[in-house]
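Each residue of the sequence shown is one higher than the one before, counting from 193 in the working numbering. The structure under discussion appears below in the form of structure tokens.
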Amino acid sequence: SETVLTDWDGTPAMLYHTSRPGEWKQDTLELRVANKGSGPFNWVAGLYFWDSNFDIRLRSYIGFAVPGRILDIAQFDHQTAKSQAAFFEGDYKFANNWTATVGGRYTKDKKSTAARGNVDTGVPPSSGFPPGVGPDPSHSWSQFTPKVGLKYQINPTAMAYLTYSKGYRSGGFLSRVSSYNEAITPYNQETVANYE
């Protein structure tokens, strides 16, 4: 957990101060099984689990916008994230000095968010969004990311290789928003192709 108190204006008056305390919790578990012997085929396989959540309570105090009044703008967000994956990678030495690599990972992610506060039309912090706006959203993403490679051992100290792999990062939800639509609309997942 952390607490961040900031005096942005640096004067004795409260022109613009913020308070941003938050709590985070994360649990991960990875199970691997590997075969690494003197034979031509070596491999590793496993399962991965990740479970996390955080709460953040944003409070902005603005004293310069309305004469004689300090605006108290509050936001709260609770987010959860769950990720599960299965992976495999194997090396096969099919000829003298030649090794082929094949691998892959399947990942499934699910995230949810619950944004509250006066981010739409001055709703008090304890009441959440206006009645009838809608439920708290959740969304899932999944992706298979392969890897293939070929290497040639030129001599004990030099090697040439080719590799292709794909990377992935799930989408998610913003926690600092200015409207309900921003709170419920997830951003997209990202993928990248890597060639070496």
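Glycine included, each C-beta is placed from N, C-alpha and C at the ideal position. If you're wondering where the values come from, they're calculated on a predicted model, not measured in any experiment.
Reducing DSSP to helix, strand and coil, say where residue i ends up.
i      : result
ASN380 : coil
ALA205 : coil
GLU388 : coil
ASN373 : helix
GLY229 : coil
ASP301 : strand
TRP333 : strand
GLY324 : Unreliable positioning characterises GLY324 in this predicted model, as indicated by a pLDDT of 45, which lies under 50. The coordinate reading is nonetheless provided below. The answer is coil: DSSP assigns GLY324 none of H, G, I, E or B.
SER193 : coil
ASN347 : strand
TRP216 : strand
According to DSSP, what are the bridge partners of residue i?
i      : result
PHE365 : Note: PHE365 sits in no beta bridge, so no partner.
ARG224 : GLY238
ARG308 : PHE268
THR293 : ASP283, GLY341
If we count the other Cβ atoms within 10 Å of its Cβ and call it buried at 16 or more, is residue i buried or exposed?
i      : result
THR293 : buried
ILE346 : exposed
Which residue spans inside the segment 233-273 form an unbroken alpha helix (DSSP H) run of at least 4? none
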